[in-house]
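Report on the structure given below.
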Amino acid sequence: MAHPKRKISKTRRDKRRTHYKATAPQIATCPTTGEAHLYHRAHWHEGKLYYRGQVLIDNSSEIENVA
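Under numbering that gives the first Met the number 0, think of the first position of the sequence shown as 0, with each following residue one higher.
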């Protein structure tokens, strides 16, 4: 197994790691509901699943019928 001949200094190690940065996720606003959500993700709003401004799943009617 390979072992380093000399200890890597903290400065040298940190220089290598400068490019690893956490990025904040981009937030989009739904044109239909005005709800904030992540890009390219479906989101729930008042019992309906929206993606790109269109309803994919409507659970609000099922909930009303049960109650």
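All residues carry an ideal CB built from backbone N, CA and C; glycine is no exception.
Annotation for K14: no beta strand (DSSP E) segment contains it, though the alpha helix (DSSP H) segment containing it runs K9 to R15. Distance from the CA atom of D57 to the CA atom of P24, rounded to whole angstroms, is 27 Å. In the structure shown, H18 falls within a helical segment according to DSSP collapsed to helix, strand and coil. Considering only Y19, A21, K20 and H36, the residue with the shortest C-alpha distance to A27 is H36. Bridge partners of T28 according to DSSP: A35.
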